[in-house]
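Chemist: Please read through the structure below; I'll follow up with questions.
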Amino acid sequence: MQNFRDALMAVVTAGNPQANHASSQRAGPRTAAPQSGFAPWKNPSLSPIVRFEGITKRFDDFVAVNDVTLDIYEKEFFALLGPSGCGKSTLLRMLAGFERPTQGKTIVAGQDITDLPPYQRPVNMMFQSYALFPHMTVEGNIGFGLRQEGMPKNKIAERVDEAMSMLELRQFAKRKPNQLSGGQQQRVALARAIAKKPRIVLLDEPLGALDKKLRQQAQFELMRIQETTGTTFIIVTHDQEEAMTVASRIAVMEKGVLVQVATPGDIYENPKTRYIAGFIGDVNIFEGTVAAIGDGCIEINAKDGYQFKTRSSEPVTVGQQVWLALRPEKIRIAHEQPASAINAIPGKVEDIGYLGSISHYHVRTAPGERITALRANAAHTVERPISWEDSVWLDWPVDAGVVLTG
Amino acid sequence: MNRRFSWFNATSITLGFAFLYIPILLLVIFSFNESKLVTVWAGWSTKWYGSLLENQALKDAAWVTIRVGLMSATVATVLGTLAAVTLVRMGRFPGRTLFSGMIFAPLVMPDVITGLSLLLVFVALGFDRGFWTISLAHITFTMCYAAVVVQARLQDFDKSIEEAAMDLGATPVSTFFQVTLPIIAPSVISAWLLSFTLSLDDLVIASFTTGPGATTLPMKIYSQVRLGVTPEINAISTILIGIVTVGVLSAAFITKRQSDRMERERRKAFGAAG
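Chains as they are written, first to last, in our numbering: chain A, 1 to 406; chain B, 407 to 680.
Here's what the structure looks like:
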């Protein structure tokens, strides 16, 4: 009996290698190991569920999306991030079928859907305004997509109930959208988008209308729904924290162009350009030229006279203009001069931003540069706290910074 | 708001309303006159309303008017709604400006010209003039009003609601019937009421496009008045005023209630967001 079951399992696994692979990789809770297990984009044998091929969208002379090529894999929670007007929403709307690309192809699960109308696409969207049908009840809204398929009534009721219980909407089933709060409307919109069990759910700034506390709850709810349904989610947002929280990978867009596609950790630790470094989190940037290239490290002559030594994987040449990007939390701040003279600068504390768990220190250096350092307020009382107008030393190890060339 | 009472304001308002409504009021009052002479008051009576019921010619005219009104209001509302949807939803297409201009031009066209040009068309096409030609003519001119009413509602309609329906698998036609139409229904109803009212009190266009056997109530009243005003005319006119008032008021009421509700929802949404 046991042997038979094993044999059956083997057959099932062989018949459906992708599904099995993905689910086993995603088994552990994400919070424990942020990006370690799940990385289908690194697996060359997997084919993407969504592929944008050289997508360009022009509105008259305005280029909203410029030659975007992008692969998104099954079960990913993918974020398109950028300021308003960067083309992220247009890209999403092209996937939903509301806009037609001027050039390029959209491929979903191996099928070219560039010319398909919205109502024939295997994707469902959650709108920024929620776009609930005001004349239908919560039930009616959630069941709308299923009714279009001609599903039998009892089956629809079952699926609607499933979606409602997943989003704790059962007690509102008979209400109309205008009898619901903003947070409840948002959950109805999400329930409606997942009710048809589409392969891909698109979310266009889904939490933009909620206040901060509700938004954080809703982010975790989105992640929970995405994991329990095993659906591919693609979210458009201008909120970098939101993207970092929910996404398995982030695509940063600027003026219609994809600037970087990477995991949240990669984007934060290894931003490709100064724009990304500044857009995601706080950053100190030093401009300079490459003075020397050593074993894995380079020396930089900064514009204001300092000399920095830093590790760099970026291919650079001596004399090239580069920027050193340093996250505030990677800079150590102390009263005493550090033992090693590498990457140490003196300065004066100009401002302190006390945020409870952490403090930001804004330090003015002798040449007039302003550097932000960040320190966790770990101890309950500190013998000699850093205060305004104190002379301090800032220093960081060689692997703290990132060398940027653009 | 300036709530100060001034004699000047009070006088001008009184004069203005008196100018507008005294003739109508007189007509209504004299419809209850006992005397056969229109200008001489001889006490209250409703006998002229009773004698209306025996006047076969007036009853026929009323029946024609109602049939023309129902027919033209219905067709005009359908066509006007389609035109409004096209104008608001289809985005920019070649000739959009021309099309929208042409939809609204008949609003300001003198009735005489509309009537005359329609008459020429009917004669050229060899149509037998009568009920159908009046209906066609009324459809033509009331359709513009219907289009304007529906278009105003469609313009502040969240387009993503329709996109959501299509995203969930509804074709454009089924989106229109399942989502768009139920939401704009109040404005479609007020468009119908407005069209019906306009058709009911049209004299000029009907006179141009009518033929033997199809006399509408306004035409009948006008021709009788030329032979002298009888209290019967006053009575039928009072009924007409009543119908028109109810029509216009309910159209206004429906529109008002709808815009109030939208405003409430908007405020609520804003409150929830902020």
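Positions of the beta carbon are idealized from the N, C-alpha and C atoms, including for glycine.
1) Give every residue of the same chain whose Cβ lies closer than 6 Å to the Cβ of A/MET9, excluding the five residues on either side of it in the sequence, and list them in chain order.
2) Quick check on B/PHE425: does DSSP put it in helix, strand or coil?
3) Where B/ASN415 and B/PHE423 are concerned, what is the direct C-alpha to C-alpha distance, given to the nearest angstrom?
4) Say whether chain A places a C-beta atom closer than 9 Å to the C-beta of B/LEU574.
5) Is A/LEU180 buried or exposed, if buried means 16 or more other CB atoms sit within 10 Å of its CB?
6) Report the CB separation of A/LEU258 from A/ALA251 in whole angstroms; it is logged as a contact under 8 Å.
7) Quick one: using the 10 Å Cβ neighbour count with 16 as the cut-off for buried, is A/ARG215 buried or exposed?
8) With 9 Å as the limit, tell me which residues of the stretch 348-376 of chain A have their beta carbon closer than that to any beta carbon of chain B; keep them in chain order.
9) List, in order along the chain, the chain A residues whose C-beta lies closer than 9 Å to that of B/ALA558?
10) Could one say the Cβ of A/THR31 lies closer than 9 Å to chain B's Cβ atoms, at least one of them?
11) Can you give the Cα-Cα distance for A/ARG26 and A/PRO101, rounded to whole angstroms?
12) Indicate the three-state DSSP secondary structure (helix, strand or coil) for A/LEU80 in the structure shown.
13) Over the uninterrupted alpha helix (DSSP H) stretch that includes A/PRO118, give me the two end residues.
14) For A/LYS196, go through chain E and note every residue whose CB falls closer than 9 Å to its CB, in chain order.
15) So, does the CB of B/ALA448 fall closer than 9 Å to a CB anywhere in chain A?
16) Given this structure, state the Cα-to-Cα distance separating A/GLY85 from B/LYS565, to the nearest angstrom.
17) Can you name the start and end residues of the alpha helix (DSSP H) that A/GLN219 belongs to?
18) Beta carbon of A/PRO264, beta carbon of A/LEU404: below 9 Å?
19) Looking at A/ALA325 and A/ILE285, is the spacing between their C-beta atoms short of 9 Å?
20) Only counting the same chain, and skipping five residues up and downstream in sequence, which positions put a Cβ closer than 8 Å to that of A/ASP399?
21) If you drop the 5 nearest sequence neighbours on each side, which residues of the same chain put their C-beta closer than 8 Å to that of A/GLN18?
22) Taking only beta-carbon atoms, is B/PRO500 less than 9 Å away from chain A?
23) If distances are taken between C-alpha atoms only, which option among B/LEU646, B/PHE563, B/THR492 comes closest to B/PRO588?
24) For B/SER693, return the contacting residues in chain A, with the cut-off set at a CB-CB distance below 8 Å.
25) Below 9 Å on C-beta distance, what does B/ILE589 contact in chain A?
26) Rounded to a whole number of angstroms, what is the C-alpha to C-alpha distance between A/GLU369 and A/GLY143?
27) State the Cα-Cα distance for the pair A/LEU115 and B/LEU560, rounded to the nearest angstrom.
28) Straight-line CA distance for B/ARG498 to A/ALA292?
29) Could you tell me which residues DSSP puts in a beta bridge with A/VAL349?
30) For A/GLY288, does the three-state DSSP call read helix, strand or coil?
31) Does A/CYS86 come out as helix, strand or coil in the three-state DSSP assignment?
32) Can you tell me the Cα-Cα spacing of A/ILE352 and A/ALA378, whole angstroms?
33) Do the stretch 197-214 of chain A and the stretch 51-63 of chain A touch if we need at least three Cβ pairs shorter than 8 Å?
34) Let me know if B/ASP666 comes out buried or exposed under the rule of 16 or more other beta-carbons within 10 Å of its beta-carbon.
35) Closest Cβ-Cβ distance between B/GLU569 and chain A: below 9 Å?
36) What does B/SER566 touch in chain A if you count any residue whose Cβ is under 8 Å from its own?
Modeler: Result, derived from the coordinates:
1) What you label residue 9 of chain A is simply residue 9 of the first sequence in a count that begins at 1. With a pLDDT of 41 at A/MET9, under the threshold of 50, the predicted position of this residue should be treated as unreliable, though the coordinate-derived value follows. If we look at A/MET9 and ignore the five residues flanking it on each side, it has no Cβ neighbours.
2) Position 19 of the second sequence holds residue 425 of chain B. Note: B/PHE425 maps to helix in three-state DSSP.
3) Taking the second sequence and counting its residues from 1, the one referred to as residue 415 of chain B is at position 9. Taking the second sequence and counting its residues from 1, the one referred to as residue 423 of chain B is at position 17. Going from the Cα of B/ASN415 to the Cα of B/PHE423 covers about 12 Å.
4) Here residue 574 of chain B is taken as the residue at index 168 of the second sequence, counted from 1. For B/LEU574, the answer is yes, since a Cβ of chain A falls inside 9 Å of its Cβ.
5) Taking the first residue of the first sequence as position 1, residue 180 of chain A is located at position 180. A residue is called buried once 16 or more other Cβ atoms fall within 10 Å of its Cβ, and A/LEU180 is buried on that count.
6) Position 258 of the first sequence, counted from the first residue, corresponds to residue 258 of chain A. Position 251 of the first sequence, counted from the first residue, corresponds to residue 251 of chain A. Confirmed, about 6 Å.
7) Position 215 of the first sequence, counting from 1, holds the residue named residue 215 of chain A. Residue burial annotation: A/ARG215 is buried, with at least 16 other C-beta atoms found within 10 angstroms of its C-beta.
8) Flagged: no residues at all.
9) Taking the first residue of the second sequence as 1, we reach residue 558 of chain B at position 152. Within 9 Å Cβ-Cβ: nothing; B/ALA558 doesn't reach chain A, min ~18 Å.
10) Locating residue 31 of chain A in the first sequence gives position 31, where the first residue counts as 1. Note on A/THR31: pLDDT 39, under 50, position unreliable in the model; no value is reported.
11) Here the question's residue 26 of chain A lines up with position 26 in the first sequence. Here the question's residue 101 of chain A lines up with position 101 in the first sequence. With a pLDDT of 38 at A/ARG26, under the threshold of 50, the modelled position of that residue is not reliable, and the figure given next carries that caveat. Our two residues, A/ARG26 and A/PRO101, have alpha carbons roughly 33 Å apart in a direct line.
12) Position 80 of the first sequence, counted from the first residue, corresponds to residue 80 of chain A. It is a strand residue.
13) Indexing the first sequence from 1 puts residue 118 of chain A at position 118. In the DSSP assignment, A/PRO118 falls outside any alpha helix (DSSP H), carrying neither H nor E.
14) Looking for chain E here will not work: the only protein chains present are A and B.
15) For this step, residue 448 of chain B is matched to residue 42 along the second sequence. No, B/ALA448 lies away from the interface with chain A (no Cβ there is under 9 Å from its Cβ).
16) Numbered from its first residue, the first sequence carries residue 85 of chain A at position 85. Numbered from its first residue, the second sequence carries residue 565 of chain B at position 159. Cα to Cα, A/GLY85 sits roughly 19 Å from B/LYS565.
17) By 1-based counting over the first sequence, the position of residue 219 of chain A is 219. Per DSSP, A/GLN219 belongs to the alpha helix (DSSP H) from 212-229.
18) As a working mapping, residue 264 of chain A is identified with position 264 in the first sequence. As a working mapping, residue 404 of chain A is identified with position 404 in the first sequence. Taking C-beta atoms as the reference points, A/PRO264 and A/LEU404 fail to come closer than 9 Å.
19) On the first sequence, position 285 is the one that residue 285 of chain A refers to. On the first sequence, position 325 is the one that residue 325 of chain A refers to. Contact: yes.
20) The residue labelled residue 399 of chain A in the question sits at position 399 within the first sequence. THR310, ARG311, listed in sequence order.
21) Position 18 of the first sequence, counted from the first residue, corresponds to residue 18 of chain A. With a pLDDT of only 39 at A/GLN18, under the threshold of 50, the placement of this residue in the model should not be trusted, and no figure is reported.
22) Counting from one through the second sequence, the residue named residue 500 of chain B turns up at place 94. For B/PRO500, the closest Cβ of chain A is not nearer than 9 Å.
23) Here residue 588 of chain B is taken as the residue at index 182 of the second sequence, counted from 1. Closest option to B/PRO588, Cα to Cα, is B/PHE563.
24) Outside the modelled stretch of chain B, which goes from 407 to 680, sits residue 693 of chain B, for which no answer is possible.
25) On the second sequence, residue 589 of chain B is found 183 positions in, with the first residue counted as 1. Simply PHE133, PRO134, HIS135.
26) The residue labelled residue 369 of chain A in the question sits at position 369 within the first sequence. The residue labelled residue 143 of chain A in the question sits at position 143 within the first sequence. If you draw a straight line from the Cα of A/GLU369 to the Cα of A/GLY143, it is about 59 Å long.
27) The count along the first sequence starts at 1 and reaches residue 115 of chain A at position 115. The count along the second sequence starts at 1 and reaches residue 560 of chain B at position 154. It should be noted that the sequence gives Asp, not Leu, for residue 115 of chain A. Looking at the two C-alpha atoms, the distance is approximately 28 Å.
28) Locating residue 498 of chain B in the second sequence gives position 92, where the first residue counts as 1. Locating residue 292 of chain A in the first sequence gives position 292, where the first residue counts as 1. Roughly 60 Å separates the two Cα atoms.
29) Locating residue 349 of chain A in the first sequence gives position 349, counting from the first residue. Paired residue(s): A/VAL363.
30) In the first sequence, the residue the question calls residue 288 of chain A occupies position 288. Annotated three-state conformation of A/GLY288 is strand, per DSSP.
31) Walking along the first sequence from the start, residue 86 of chain A turns up at place 86. Correct three-state label for A/CYS86: coil.
32) In the first sequence, counting from the first residue as 1, residue 352 of chain A sits at position 352. In the first sequence, counting from the first residue as 1, residue 378 of chain A sits at position 378. Each residue's Cα considered, the two are about 16 Å apart.
33) No: the two stretches stay apart, fewer than three of their Cβ pairs being nearer than 8 Å.
34) For the purposes of this step, residue 666 of chain B is taken as residue 260 along the second sequence, with counting starting at 1. Counting Cβ neighbours within 10 Å, B/ASP666 comes out exposed, since fewer than 16 surround it.
35) Residue 569 of chain B sits at position 163 when you count from the first residue of the second sequence. With 9 Å as the cut-off, B/GLU569 counts as an interface residue toward chain A.
36) Your numbering for residue 566 of chain B matches position 160 in the second sequence. Chain-order list of chain A residues neighbouring B/SER566: PHE127, GLN128, SER129, ALA131, by C-beta distance under 8 Å.
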